[in-house]
């Protein structure tokens, strides 16, 4: 079984926003990947962005610079 570790999880209200996050991160070198929303939290579209907690500041700036709307940001053990 995989060891759980603290991860940064960003949720989105729409699948379109989650997919836009993936596109922007691929283009601009953002850290992370798309995952299904963990059971511990809920989100509108069922998709979330998962990354290392140390990437929070750069990802928040990336979303702000690209006018990408997100729902909530969590640091949880998954």
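In this note's numbering, the protein residues as written are 4 to 81.
Don't be surprised by glycine CBs; every beta carbon is placed ideally from N, CA and C.
Counterpart residues of residue i in DSSP-defined beta bridges
i: residue 11; result: 54, 78
i: residue 36; result: 53
Counted within 10 angstroms of its Cβ, other Cβ atoms place residue i as buried (16 or more) or exposed
i: residue 24; result: buried
i: residue 66; result: buried
i: residue 20; result: buried
i: residue 9; result: exposed
i: residue 68; result: exposed
i: residue 33; result: buried
i: residue 35; result: buried
i: residue 14; result: buried
Collapsed DSSP secondary structure at residue i in the structure displayed
i: residue 27; result: helix
i: residue 71; result: coil
i: residue 21; result: helix
i: residue 4; result: coil
i: residue 16; result: coil
i: residue 43; result: coil
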